[in-house]
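Following: one structure in structure tokens, then a few remarks.
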Amino acid sequence: MPDASAEITVADVQHLAGLARIALEPGEIEHLAGELNQIVDSVRKVQEVATPDVPATSHPLPLVNVLRADEVGAVLTQQQVLSGAPDAFDGRFRVPAILGEEQ
Amino acid sequence: MAGASAKDVLMDYDEALERFEPVLGFEVHVELSTATKMFSAAPNPAAHGADSSVPNSMVAPVDMGLPGALPLVNAQAVRYSISLGLALGCSIAPSSRFARKNYFYPDLGKNYQISQYDEPIAFEGSVEVELEDGVTWTVPIERAHMEEDAGKLTHVGGSTGRIQGADHSLVDYNRAGVPLVEIVTKPIYGTEHRAPEIGKAYVATIRDIVRSLGISEARMDRGNLRCDANVSIRPRGQARLGTRTETKNVNSLRSVERAVRYEIQRQAAILAAGGSIVQETRHWHEDTGTTSAGRPKSDADDYRYFPEPDLLPVQPSPELIEELRAALPESPVAFRKRLQADYGFTDSEFRDIVNAGVLAELEATVAKGAAPAQARKWWLGEILRIANARGVDAGTLVSPIHVSELIALVENGDLTDRLARQVLEGVVAGEGSPEQVVAARSLKVVSDDSALIAAIDTALASQPDVLQKIKDGKVQAAGAVIGAVMKAMRGQADAARVRELVLERAQA
Chain S
0 MPDASAEITV ADVQHLAGLA RIALEPGEIE HLAGELNQIV DSVRKVQEVA
50 TPDVPATSHP LPLVNVLRAD EVGAVLTQQQ VLSGAPDAFD GRFRVPAILG
100 EEQ
Chain H
11 MAGASAKDVL MDYDEALERF EPVLGFEVHV ELSTATKMFS AAPNPAAHGA
61 DSSVPNSMVA PVDMGLPGAL PLVNAQAVRY SISLGLALGC SIAPSSRFAR
111 KNYFYPDLGK NYQISQYDEP IAFEGSVEVE LEDGVTWTVP IERAHMEEDA
161 GKLTHVGGST GRIQGADHSL VDYNRAGVPL VEIVTKPIYG TEHRAPEIGK
211 AYVATIRDIV RSLGISEARM DRGNLRCDAN VSIRPRGQAR LGTRTETKNV
261 NSLRSVERAV RYEIQRQAAI LAAGGSIVQE TRHWHEDTGT TSAGRPKSDA
311 DDYRYFPEPD LLPVQPSPEL IEELRAALPE SPVAFRKRLQ ADYGFTDSEF
361 RDIVNAGVLA ELEATVAKGA APAQARKWWL GEILRIANAR GVDAGTLVSP
411 IHVSELIALV ENGDLTDRLA RQVLEGVVAG EGSPEQVVAA RSLKVVSDDS
461 ALIAAIDTAL ASQPDVLQKI KDGKVQAAGA VIGAVMKAMR GQADAARVRE
511 LVLERAQA
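Top line first, the protein sequences correspond to chains S and H.
Counting with this note's numbering, you get residues 0 to 102 for the letters of the first sequence.
Counting with this note's numbering, you get residues 11 to 518 for the letters of the second sequence.
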């Protein structure tokens with residue numbers, strides 16, 4: 000059952016599914032909203048142990064500045080690039096007409 | 011698509027400024043000219059002299075987002091980004107990280123672009139911009155962040171009237187992964203009537219800065235430098251900002267100026283008629299000088315930015331930052347002052363060069379050996395004339411090295427000015443270097459005296475009355491013979507030398 004106080008609403012799931020280009024049935028949307036709320040609740044437990052002196056992190060590894068020298072390496076051949084293409088023309092991928100536009 | 015641009019109603023510019031205050035903002039994307047891409051070791055098509063004409067020939071698995079391929083940050087791109095940040099007067103973040111910007115579009119195979127979001131490498135700076143009359147204006151910089159460029163789409167079909175579902179797009183990933191720095195300004199207030207000019211001068215200054223740093227080819231016509239212009243207007247006295255539009259595809263300095271002006275006039279007409287501005291992207295059309303509606307602007311949340319899990323934070327050391335700061339070239343304003351003194355140009359002579367947007371070209375031409383005065387004459391003369399007639403930037407027509415070659419040919423006496431203009435025409439038409447055009451079009455001055463003498467003798471023989479006058483000391487009569495000889499030589503002779511020889515032969 001959708002919970003009125005839930006953080007992830009049915010509308011949120013619909014919106015996210017649209018952004019992710021995933022087709023969902025109405026039943027699936029409600030189901031996922033419930034599951035996602037459970038996940039959010041579970042993750043929230045972490046906040047209970049996090050203290051202000053623990054900085055937020057986006058990575059578990061204590062590494063920074065993993066960089067590469069600016070030296071040219073191997074590339075794929077055009078044939079390799081296009082080998083997985085459902086359709087190609089003139090050395091390029093051929094894709095259906097694009098209704099949107101560049102971001 | 012939305013071809014309604016022709017119907018846009020525009021308010022008179024002065025009236026628009028009387029009733030509304032414009033507020034500007036710019037996003038400038040700079041393609042870095044590193045040897046390799048941002049996250050892969052594939053060669054960078056934006057590097058100096060790179061040839062990316064064969065589609066999908068400069069692509070590594072990372073650039074296509076193939077499963078299992080992991081990005082690795084290009085150290086040189088980080089250095090270039092820091093240098094640019096410093097040149098923009100920004101602070102460099104002690105720690106910055108990459109983020110994924112998620113969207114579905116075939117210009118990126120991964121379905122996300124690696125960019126920076128909440129922790130850009132450079133933030134809070136300002137740029138001094140010099141306007142046409144020498145006044146300087148300070149543009150506040152919000153941030154400069156690193157990201158990767160997207161692939162190139164070519165849309166095929168559609169406009170031919172065949173709407174049979176046959177339309178498609180072709181994708182070339184050579185450009186995918188090219189290192190970019192996106193420079194974002196804060197809102198620029200108080201520009202008033204000079205808004206279009208300030209926009210143009212700002213983008214020109216960014217171009218000058220990245221050129222002086224040597225970190226980008228900075229050719230707007232080739233997409234090395236791309237500008238999105240944000241424009242909003244608000245009624246006089248209103249504190250709240252108006253709704254802004256973001257005009258894309260503004261790919262020349264001239265277009266920046268025109269697009270800002272157009273949007274001010276278009277928005278003013280809508281607001282004056284009681285309408286409201288839609289927050290959207292607009293497309294600039296160079297040919298018609300108009301903008302047309304693109305997609306509605308989506309909320310930033312729609313991109314679902316999150317920290318890029320495949321990459322680690324970038325934490326430049328204070329030593330590296332100071333090393334790069336110490337290596338910064340002089341600012342464009344200081345550079346200009348020095349150049350003007352070196353070249354011995356007056357203020358107005360120099361300002362003409364700057365305003366025509368050919369200072370960098372002129373400098374490169376002089377560096378190749380041309381005299382400053384000669385370089386100025388060509389760039390501000392014939393080249394600018396052709397550029398204006400075609401509505402393009404002069405620098406796109408011909409390279410400085412070819413101009414210096416052309417000047418050398420004139421100096422050596424191989425070409426007259428008139429012939430040199432024809433040679434320039436050939437170079438602009440893509441017929442090759444000046445030497446090649448001279449050879450292909452047989453344009454060289456006839457410097458072989460025997461050929462000239464033969465023509466002179468023929469001309470004198472056919473005009474005995476003129477010959478007699480010259481013999482009698484009426485030297486000015488020689489003009490008729492000189493004209494006939496120049497005509498016989500199809501203009502390819504040095505008129506001064508012909509005159510000398512005519513007088514010599516007449517007395518013979």
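All residues carry an ideal CB built from backbone N, CA and C; glycine is no exception.
None of these values were measured; they are calculated from a predicted model.
- Taking the beta strand (DSSP E) that residue 496 of chain H falls in, what are its first and last residues? Indexing the second sequence from 1 puts residue 496 of chain H at position 486. Counting along the chain, residue 496 of chain H falls outside any beta strand (DSSP E), though it belongs to the alpha helix (DSSP H) covering 488-498.
- Item | Which of helix, strand or coil DSSP assigns to residue 331 of chain H | Taking the first residue of the second sequence as 1, we reach residue 331 of chain H at position 321. Three-state DSSP puts residue 331 of chain H in a helix.
- Item | Buried versus exposed call for residue 62 of chain S [16 or more other C-beta atoms within 10 Å across all chains shown] | As a working note, residue 62 of chain S is residue 63 in the first sequence. So residue 62 of chain S ends up on the exposed side.
- Task: Check the Cβ of residue 68 of chain S against every Cβ in chain H and list those closer than 7 Å, keeping chain order.
- Result: On the first sequence, residue 68 of chain S is found 69 positions in, with the first residue counted as 1. Ordered by position in chain H, the residues that pass the 7 Å Cβ test against residue 68 of chain S are 85.
- Query: The beta strand (DSSP E) spanning residue 110 of chain H covers which residue range?
  - Reply: Sequence index remark: in the second sequence, residue 110 of chain H carries index 100 (1-based). Element bounds for residue 110 of chain H: 109-112.
- Check the C-beta distance from residue 72 of chain H over to residue 187 of chain H and give it rounded, since I have them as a contact under 8 Å. On the second sequence, residue 72 of chain H is found 62 positions in, with the first residue counted as 1. On the second sequence, residue 187 of chain H is found 177 positions in, with the first residue counted as 1. That pair is a contact at about 7 Å.
- Message: So residue 44 of chain H contacts chain S; which residues on that side make the cut at Cβ distance below 8 Å?
- Response: Here residue 44 of chain H corresponds to residue number 34 of the second sequence, with the count starting at 1. In chain order: 69.
- Could you check which residue in H:243, H:518, H:216 has the C-alpha nearest to that of residue 93 of chain H? Numbered from 1 along the second sequence, position 83 holds the residue referred to as residue 93 of chain H. Out of H:243, H:518, H:216, H:216 has the C-alpha closest to the C-alpha of residue 93 of chain H.
- Item | Neighbourhood of residue 66 of chain S by C-beta distance below 8 Å, restricted to the same chain and skipping five residues each side | Sequence index remark: in the first sequence, residue 66 of chain S carries index 67 (1-based). Cβ within range, chain order: n/a, list empty.
- Message: Let's test the definition: count the other Cβ atoms within 10 Å of the Cβ of residue 89 of chain H and tell me whether it reaches 16, buried, or not, exposed.
- Response: Counted from its first residue, the second sequence places residue 89 of chain H at position 79. By the 10 Å Cβ count, residue 89 of chain H comes out buried.
- Query: Which residues share a DSSP beta bridge with residue 389 of chain H?
  - Reply: Counting from one through the second sequence, the residue named residue 389 of chain H turns up at place 379. None; residue 389 of chain H has no bridge partner.
- Task: Please list the segments of the alpha helix (DSSP H) lying wholly inside the region 12-72 of chain H, counting only runs of 4 or more residues, in order along the chain.
- Result: 23-29
- Message: Less than 8 Å between CB atoms is the rule here; does residue 183 of chain H satisfy it with respect to chain S?
- Response: Taking the first residue of the second sequence as position 1, residue 183 of chain H is located at position 173. Residue 183 of chain H counts as touching chain S.
- Check each residue of the region 63-78 of chain H: if its Cβ is closer than 8 Å to any Cβ of chain S, include it; give the result in chain order. 64, 65, 66, 67, 68, 69, 70, 71, 74
- Task: Could you have a look at residue 11 of chain S and say whether DSSP puts it in helix, strand or coil?
- Result: What you label residue 11 of chain S is simply residue 12 of the first sequence in a count that begins at 1. DSSP places residue 11 of chain S in helix when its eight states are reduced to three.
- Taking a Cβ distance cut-off of 8 Å, strictly less, list which residues of the region 43-64 of chain S are near chain H, in chain order. 57, 58, 60, 62, 63, 64
- Cross-chain neighbours of residue 95 of chain S in chain H, by beta carbon under 7 Å: Within the first sequence, the letter at position 96 stands for residue 95 of chain S. Chain H residues near residue 95 of chain S: 178.
- Message: According to DSSP, simplified to helix, strand and coil, what is residue 358 of chain H?
- Response: Indexing the second sequence from 1 puts residue 358 of chain H at position 348. If DSSP states are grouped into helix, strand and coil, residue 358 of chain H belongs with the helices.
- Task: Write down the C-beta distance between residue 238 of chain H and residue 36 of chain H rounded to the nearest angstrom, noting that I regard them as a contact closer than 8 Å.
- Result: Taking the second sequence and counting its residues from 1, one reaches residue 238 of chain H at position 228. Taking the second sequence and counting its residues from 1, one reaches residue 36 of chain H at position 26. So it is a contact: roughly 7 Å between Cβ atoms.
- Message: Could you compute how far the alpha carbon of residue 2 of chain S sits from the alpha carbon of residue 270 of chain H?
- Response: Position 3 of the first sequence, counting from 1, holds the residue named residue 2 of chain S. Position 260 of the second sequence, counting from 1, holds the residue named residue 270 of chain H. Because residue 2 of chain S sits at a pLDDT of 49, beneath the cut-off of 50, its placement in the model cannot be relied upon, and the following sentence gives the value as read from the coordinates. Approximately 49 Å between the Cα atoms of the pair.
- Of the residues that make up the region 74-92 of chain S, which ones have a beta carbon closer than 7 Å to any beta carbon in chain H? 74, 75, 77, 80, 81, 88, 89, 90, 91, 92
- Message: Looking at the secondary structure, which residues open and close the alpha helix (DSSP H) in which residue 459 of chain H lies?
- Response: Taking the first residue of the second sequence as 1, we reach residue 459 of chain H at position 449. Note, residue 459 of chain H: alpha helix (DSSP H), 459-472.
- In angstroms, rounded to a whole number, what distance separates the CA positions of residue 145 of chain H and residue 245 of chain H? Here residue 145 of chain H refers to the residue found at position 135 of the second sequence. Here residue 245 of chain H refers to the residue found at position 235 of the second sequence. Going by the C-alpha atoms only, they are around 27 Å apart.
- Query: Expressed to the nearest angstrom, what Euclidean distance is found between the alpha-carbon atoms of residue 171 of chain H and residue 177 of chain H?
  - Reply: As a working mapping, residue 171 of chain H is identified with position 161 in the second sequence. As a working mapping, residue 177 of chain H is identified with position 167 in the second sequence. Only weak support is given to the placement of residue 171 of chain H: the predicted model assigns it a pLDDT of 38, under 50, and the value that follows is read from those uncertain coordinates. Going from the Cα of residue 171 of chain H to the Cα of residue 177 of chain H covers about 11 Å.
- Proximal residues to residue 104 of chain H (C-beta, below 7 Å), its chain only, five neighbours per side dropped: In the second sequence, the residue the question calls residue 104 of chain H occupies position 94. Cβ within range, chain order: 325.
- Task: Could you tell me whether any Cβ in chain S is nearer than 8 Å to the Cβ of residue 501 of chain H?
- Result: One-based indexing of the second sequence puts residue 501 of chain H at position 491. It does not: the Cβ of residue 501 of chain H has no partner Cβ on chain S nearer than 8 Å.
- Message: If we define contact as Cβ-Cβ less than 8 Å, is residue 35 of chain S a contact residue for chain H?
- Response: Within the first sequence, residue 35 of chain S is the residue found at index 36, counting from 1. With 8 Å as the cut-off, residue 35 of chain S does not count as an interface residue toward chain H.
- Counting contacts by CB-CB distance shorter than 8 Å, is residue 72 of chain S in contact with chain H? Within the first sequence, numbered from 1, the residue matching residue 72 of chain S stands at position 73. Yes, residue 72 of chain S counts as interfacial toward chain H.
- Item | Short Cβ contact (8 Å threshold) for residue 191 of chain H with residue 42 of chain H | Locating residue 191 of chain H in the second sequence gives position 181, counting from the first residue. Locating residue 42 of chain H in the second sequence gives position 32, counting from the first residue. The answer is yes: Cβ separation under 8 Å.
- Query: Which chain S residues sit within Cβ distance under 7 Å of residue 52 of chain H?
  - Reply: Walking along the second sequence from the start, residue 52 of chain H turns up at place 42. In chain order: 74.
- Query: Between residue 155 of chain H and residue 131 of chain H, is the Cβ-Cβ spacing less than 8 Å?
  - Reply: Residue mapping note: residue 155 of chain H aligns to position 145 of the second sequence, counting from 1. Residue mapping note: residue 131 of chain H aligns to position 121 of the second sequence, counting from 1. Cβ distance < 8 Å, so residue 155 of chain H and residue 131 of chain H count as in contact.
- Query: Is there contact between the region 429-442 of chain H and the region 474-486 of chain H, where contact requires at least three CB pairs shorter than 8 Å?
  - Reply: no
- Query: Looking only at its own chain, which residues have a Cβ that is under 7 Å from the Cβ of residue 3 of chain H, when we skip the five neighbours before and after it?
  - Reply: In the structure as shown, chain H begins at 11 and stops at 518. Residue 3 of chain H is therefore absent and cannot be evaluated.
- Task: Taking residue 317 of chain H as the query, report the chain S residues whose CB atoms sit under 7 Å from its CB, ordered along the chain.
- Result: In the second sequence, the residue the question calls residue 317 of chain H occupies position 307. Near residue 317 of chain H (Cβ distances below 7 Å), the residues of chain S are 57.
- Message: The beta strand (DSSP E) that contains residue 132 of chain H, what's its start and end?
- Response: In the second sequence, the residue the question calls residue 132 of chain H occupies position 122. 132-140 is the span of the beta strand (DSSP E), which, as asked, contains residue 132 of chain H.
- Sub-8 Å separation of residue 462 of chain H and residue 503 of chain H beta-carbons: The residue labelled residue 462 of chain H in the question sits at position 452 within the second sequence. The residue labelled residue 503 of chain H in the question sits at position 493 within the second sequence. Yes; because the gap between Cβ atoms is below 8 Å, this pair is in contact.
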